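If you're matching them up, the sequences are chains A and B in order.
Remember, this note's numbering sits 266 above the position in the first sequence when you count from 1.
Remember, this note's numbering sits 65 above the position in the second sequence when you count from 1.
As structure tokens, the structure follows; a few thoughts come after it.
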Amino acid sequence: MSRQIVPAAAGTALGVRKGGRAAVQPQSLDYVSILVADQLFGIPVLQVQDVLGPQRITRVPLAPPEVAGSLNLRGRIVTAIDLRTRLGLPERSEGAGSMSVVVDHGGESYSLLVDNVGEVLSLSTATLERNPATLEACWREVSVGIHRLEAGLLILLDVGRVLDFAGRIDAA
Amino acid sequence: MDDLLGEFLTETAEGLATLDVELVRLEQNPNDPRLLGNIFRIVHTIKGTCGFLSLPRLEAVAHASENVLGRIRDGELVVTPIAISLILESLDRIKMLLAALEATEAEPAGDDAGLIEQLNILAEAKSPVVPPPAAAPLPVPRVEVLPVAAARTEPAAPVPERIVPAAAEAPVEAAAELKESAIAASNIRVNVDLLEKLMTMVSELVLTRNQLMQILRSQKDSEFAVSLQRLSHVTTELQEGVMKTRMQPIGNAWAKLPRLVRDLSLELGKKIDLQMKGAETELDRQVLELIKDPLTHMVRNSGDHGIEKPAERVLAGKPDTGTIMLNAYHEGGHIIIEIGDDGQGLATDKIRAKVLSNALASEAELAQMTDPQIYQFIFKPGFSTAAAITSVSGRGVGMDVVKTNIEKIGGTIELKSHFGRGSTFVIKIPLTLAIVSALIVECAGERFAIPQISVVELVRAAPGTETQIERLNGTPVLRLRNRLLPLVSLEQLLRLERPDAAAVETFIVVTQVGNYSFGIIVDRVFDTEEIVVKPVSLILRNITMFSGNTILGDGTVIMILDPNGIAAATGELTVPDSQALELAAKNSVRGPQRTSLLLFRAGAGGPKAVPLALVARLEEIDRAEIEYANDKPVTQYRGKLMPLVTIEGAGPIPPDGRQPILVFSDRNRSMGLLVDEIIDIVEEVLKVELGSERPGLVGSAIIAGKATDLIDAGHYLTEAFGDWFELARDTDPGGADRAKRVLLIDDSPFFRNLLTPLLAVAGYDVSAVESAGRALDLQEAGEEFDVIISDIEMPGMDGFEFAETIRSAGKWRDTPMVALSSHATPQDLDRGREVGFTDYIAKFDRDALLSTLLATFNSQRGAA
Numbered sequence: 267m268s269r270q271i272v273p274a275a276a277g278t279a280l281g282v283r284k285g286g287r288a289a290v291q292p293q294s295l296d297y298v299s300i301l302v303a304d305q306l307f308g309i310p311v312l313q314v315q316d317v318l319g320p321q322r323i324t325r326v327p328l329a330p331p332e333v334a335g336s337l338n339l340r341g342r343i344v345t346a347i348d349l350r351t352r353l354g355l356p357e358r359s360e361g362a363g364s365m366s367v368v369v370d371h372g373g374e375s376y377s378l379l380v381d382n383v384g385e386v387l388s389l390s391t392a393t394l395e396r397n398p399a400t401l402e403a404c405w406r407e408v409s410v411g412i413h414r415l416e417a418g419l420l421i422l423l424d425v426g427r428v429l430d431f432a433g434r435i436d437a438a
Numbered sequence: 066m067d068d069l070l071g072e073f074l075t076e077t078a079e080g081l082a083t084l085d086v087e088l089v090r091l092e093q094n095p096n097d098p099r100l101l102g103n104i105f106r107i108v109h110t111i112k113g114t115c116g117f118l119s120l121p122r123l124e125a126v127a128h129a130s131e132n133v134l135g136r137i138r139d140g141e142l143v144v145t146p147i148a149i150s151l152i153l154e155s156l157d158r159i160k161m162l163l164a165a166l167e168a169t170e171a172e173p174a175g176d177d178a179g180l181i182e183q184l185n186i187l188a189e190a191k192s193p194v195v196p197p198p199a200a201a202p203l204p205v206p207r208v209e210v211l212p213v214a215a216a217r218t219e220p221a222a223p224v225p226e227r228i229v230p231a232a233a234e235a236p237v238e239a240a241a242e243l244k245e246s247a248i249a250a251s252n253i254r255v256n257v258d259l260l261e262k263l264m265t266m267v268s269e270l271v272l273t274r275n276q277l278m279q280i281l282r283s284q285k286d287s288e289f290a291v292s293l294q295r296l297s298h299v300t301t302e303l304q305e306g307v308m309k310t311r312m313q314p315i316g317n318a319w320a321k322l323p324r325l326v327r328d329l330s331l332e333l334g335k336k337i338d339l340q341m342k343g344a345e346t347e348l349d350r351q352v353l354e355l356i357k358d359p360l361t362h363m364v365r366n367s368g369d370h371g372i373e374k375p376a377e378r379v380l381a382g383k384p385d386t387g388t389i390m391l392n393a394y395h396e397g398g399h400i401i402i403e404i405g406d407d408g409q410g411l412a413t414d415k416i417r418a419k420v421l422s423n424a425l426a427s428e429a430e431l432a433q434m435t436d437p438q439i440y441q442f443i444f445k446p447g448f449s450t451a452a453a454i455t456s457v458s459g460r461g462v463g464m465d466v467v468k469t470n471i472e473k474i475g476g477t478i479e480l481k482s483h484f485g486r487g488s489t490f491v492i493k494i495p496l497t498l499a500i501v502s503a504l505i506v507e508c509a510g511e512r513f514a515i516p517q518i519s520v521v522e523l524v525r526a527a528p529g530t531e532t533q534i535e536r537l538n539g540t541p542v543l544r545l546r547n548r549l550l551p552l553v554s555l556e557q558l559l560r561l562e563r564p565d566a567a568a569v570e571t572f573i574v575v576t577q578v579g580n581y582s583f584g585i586i587v588d589r590v591f592d593t594e595e596i597v598v599k600p601v602s603l604i605l606r607n608i609t610m611f612s613g614n615t616i617l618g619d620g621t622v623i624m625i626l627d628p629n630g631i632a633a634a635t636g637e638l639t640v641p642d643s644q645a646l647e648l649a650a651k652n653s654v655r656g657p658q659r660t661s662l663l664l665f666r667a668g669a670g671g672p673k674a675v676p677l678a679l680v681a682r683l684e685e686i687d688r689a690e691i692e693y694a695n696d697k698p699v700t701q702y703r704g705k706l707m708p709l710v711t712i713e714g715a716g717p718i719p720p721d722g723r724q725p726i727l728v729f730s731d732r733n734r735s736m737g738l739l740v741d742e743i744i745d746i747v748e749e750v751l752k753v754e755l756g757s758e759r760p761g762l763v764g765s766a767i768i769a770g771k772a773t774d775l776i777d778a779g780h781y782l783t784e785a786f787g788d789w790f791e792l793a794r795d796t797d798p799g800g801a802d803r804a805k806r807v808l809l810i811d812d813s814p815f816f817r818n819l820l821t822p823l824l825a826v827a828g829y830d831v832s833a834v835e836s837a838g839r840a841l842d843l844q845e846a847g848e849e850f851d852v853i854i855s856d857i858e859m860p861g862m863d864g865f866e867f868a869e870t871i872r873s874a875g876k877w878r879d880t881p882m883v884a885l886s887s888h889a890t891p892q893d894l895d896r897g898r899e900v901g902f903t904d905y906i907a908k909f910d911r912d913a914l915l916s917t918l919l920a921t922f923n924s925q926r927g928a929a
């Protein structure tokens, strides 16, 4: 199995998970930064179980379009959600590999397919802003808020809401 | 939760489960001191522990019941249904309190004064009606207890020299506890979660092992071969061991039933006797959990709807006590559970009326339906024919839920009913859910697994041949052995996108769900693989086409198709039709009966055939996997050694290449017959033209237009296992004149299929059925036979009962009957003669069977 952890993220991610530094300093939280269609997103590091390189994914017929398929994570079957489809973005160009960020939600594991995974960032609540009212509905739905960073804007993702698209499908 | 409390809850729950059973037994044997002692001890323990953990409410209830039990034990009170009911009621209260305790870790608020007062009144009612049997005061033994402290070096505090037990029960208790601790020493409590985790790990290990073995196969002379082989064996053993830890006797699921039936009979004013057979039959605890409720429901149904009131029973000429019979046994990788009663059976007119009032079918449709088809309606949602909804049935759980639950775990349910004689449900469920055998297929570049249990056969369809897909208004169908099989395109059903429109090979997986058969069109068919079923994630659970997913030997994830879901999606509406057709076919076939035959080539000479029903599976193995044990060829098959035999007159086995095998199985044994090539499966009227003197051949017949040798499977079975059954030589061509009609009743499909061709060769016209009930159906249908051959040991009505029924009335009163049995004791022989069997022969003695039949007819002819 080709398991890749981005070097910069690896040490920090493990360190944080063990030490639980987040609990000590509530104002500053750690996020794994990810890149989807050149937009920076952040996922709380405590929810991230694994970061994997390109995987062989089995398509699941009749599944909602957001579901890219299922993959084998060391003997566990994990459902993969394509963040691009989830955010209404165009499909990844042919040949561009994707990375998987495995998150835990309600006792089950899901893999979020992203373009790339960056460093773990420690972000202070001071830079957090509310969603602009003009943000597109399907982005606003999954965004907790926006962090103003020097390198650009980072959208904080609510994993629960990212995975909660079944209701929307049923309603449509 | 507090460890101590957790432990207490587990222990008390176990104690209470035992109490339920023991109390019902006590009611039947009120004077059994051992039973009483046991019951008293359990209640006493509960009371004691409650006090220790300071649970006052629980303690008060337990204390009051203990008082009553104590007086019963001392012979001061007589066991009456009222007393038992009261104690059972207090047990229920204790259970209720425990449930609350488990949920909230505290006793719920409330008051049990009423119950306690009733118990106290009962305890104080000094009514020693029966002279106390064991009331003679036993000399209280003085138990000397050496204080532990005395053995220590500092004998500081003055210690009492003797401790006299406060109550006389101490010795009894001590003895009981001693016995128990001996059992406890060889058993440990293990958390179920841990076992589940172990099972998952072992499943992963099995998958990894399969993966390694696959790599090994592609490499020649690997230095890993020996160690991997060993790893493989150890893994198999480990898997079996862990599976065993999850096995539990089905009796655990039945433990509540005696109590249930007792309460039921009191409530309904009926007399019901519950008989349980095969309680020790083991099955996976996961399966056990899932069938517990359906079983309870069906037993309740039998008691409520099935068994009549005593007066009605007497009027109908039956004993006033009705019987509910539970029977569980293993059969070919499955567990069969039967729930039967000798009550009134299903009333078709009531069902008809209900069907009409619910508009489930029209009167015209109903008129065309057979009774078994009408019975199927009870599995429809919202169907209850009980005129009045009692507190017992009609709780919103119907047979539809039972059926769904059983189908969910890959099982089937069947119903047999005779009006006025009772009904029986037969449930067939897999031994375990964790690992199943599945067929891997491919469609539009995607692979899927189909559980082997629902796959009937594979058909390769090609345009321009006999098996080609035809279309009715676009809907694909297949003519399969003179029946029209509805087809489902997996590609369309799953909306798969085919990358290129190139023509591909087409296979049809003939699938059966309940009584409904249909074909699934796929592109390719791969091997069967043992897979570990894993549930799909929540997001995907609403897709009914899949029952789960799994990881294959090569590490890819694959979806498991759910035949039930596919059947539902494609319109199971066709069920009654196909059933009717099948029944019509069955009924009209009397006379020349058609048999499915497997045609193959092996050894010298023309094509050979064997009845398909005798063949358990068709396999193809690598010849390199053939090993030799005791100089005989064997292969490892499903974790066991399977002997391989070659056809008479065949040459040596070639050293390499693929080897097709016909696998014959019976009970736990399998044998493989090596053949050169499998040609076809045909359905023909089996008419053996020439008998044969050659060993291994039954004779020759015209099959598919060619002279074909019919092989004698029995001969090869004997060759593989000398003791499969007594070797018997060839047959005596019997009945010269008109073919005598023989009715064969045997519950084992294996022997039915073995004896049918044998008798056919001997010139008899054979009808074979699997139960006495079916035979009686034939009698009602007006069939006539010259002789009836019946097995003795059969589930449901056995051979003796069957003979008595036949002899008592009806058209078959004078038909000669021959009993078949695998073990014939002199008592059996006598009983057989008594109930009206003409003769009694051992099951495997084929010569004796044929000569007996001949003698029977000759004596008839002499008499006529």
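Just so it is clear, CB atoms sit at the ideal spot from N, CA and C, and this is done for glycine as well.
On a predicted model such as this, the values are computed, not experimentally measured, just so you know.
- If you look at B:T169, you'll find it in the alpha helix (DSSP H) that goes P146 to T169.
- Distance between B:R896 and B:N695, taken at the CA atoms: about 44 Å.
- For secondary structure counted as the alpha helix (DSSP H) over 4 or more consecutive residues, the stretch 281-367 of chain B holds these complete runs in sequence order: 290-310, 316-319, 322-333 and 350-366.
- At least 8 Å separates the beta-carbon of B:I573 from that of B:L559.
- In the structure shown, the three-state DSSP call for B:E570 is coil.
- Apart from sequence neighbours up to five positions away, no residue of its chain approaches B:G71 with a beta-carbon distance below 7 Å.
- For A:R350, the closest alpha carbon among the candidates A:E374, A:S364 and A:Q315 is that of A:S364.
- Taking a beta-carbon distance threshold of 8 Å, B:E261 does not count as an interface residue toward chain A.
- Only buried fits B:Q409, as 16 or more other CB atoms lie within 10 angstroms of its CB.
- At a C-beta separation below 8 Å, B:M624 has these neighbours in chain A: T324, V326, P327 and S336.
- Between B:E182 and the set B:L166, B:I152 and B:T273, the nearest pair of CA atoms involves B:I152.
- Apart from the 5 residues on each side of it in sequence, B:P564 sits with its Cβ closer than 7 Å to the Cβ of G510 in its chain, given in chain order.
- For B:H395, the enclosing beta strand (DSSP E) covers residues T386 to E396.
- DSSP places B:V255 in no alpha helix (DSSP H); its state is neither H nor E.
- Around the C-beta of B:V291, fewer than 16 other C-beta atoms lie within 10 Å, and the residue is accordingly described as exposed.
- The stretch 687-763 of chain B contains, as complete beta strand (DSSP E) runs of 3+ residues, the segments 692-694, 697-702, 705-711, 723-731, 734-739, 742-750 and 753-756 (chain order).
- Within chain A, the C-beta atoms nearer than 7 Å to that of B:N614 come from S336 and I343, in chain order.
- The beta carbons of B:L709 and B:D811 sit no closer together than 8 Å.
- Contacts with chain A (Cβ-Cβ distance below 7 Å) from the stretch 582-606 of chain B involve K599, S602, L603, I604 and L605, listed in chain order.
- Taking 8 Å as the cut-off, the Cβ atoms of B:I776 and B:V680 do not count as close.
- Per the coordinates, the alpha-carbon of B:L391 lies some 27 Å from the alpha-carbon of B:L101.
- Counted as a single uninterrupted DSSP element, the alpha helix (DSSP H) harbouring B:N185 occupies residues A178 to E189.
- Straight-line measurement puts the Cα of A:V369 at about 27 Å from the Cα of A:E416.
- Judged by beta-carbon spacing, A:A303 lies within the 8 Å limit of A:L355, meaning their Cβ atoms are closer than that value.
- B:G901 is positioned such that its CB atom lies no closer than 8 Å to that of B:A874.
- DSSP places B:Q433 inside the alpha helix (DSSP H), whose first and last residues are E428 to Q433.
- When rounded, the separation of the alpha-carbon atoms in B:P495 and B:T346 is 13 Å.
- The C-beta of B:I608 comes closer than 8 Å to at least one C-beta of chain A.
- Look at A:R396 here: in three-state DSSP terms it is coil, with no helix or strand label.
- Nearest neighbour of B:Q276 by Cα position, chosen from B:D619, B:G387 and B:E87, turns out to be B:D619.
- DSSP, read as helix, strand or coil, puts A:M365 in strand.
- Out of B:I631, B:R486 and B:R282, the CA that lies nearest to the CA of B:E556 is found in B:I631.
- For A:G426, the closest alpha carbon among the candidates A:I300, A:V314, A:E395 and A:D296 is that of A:V314.
- One finds G341 in chain A with Cβ atoms closer than 7 Å to the Cβ of B:E269, taken in chain order.
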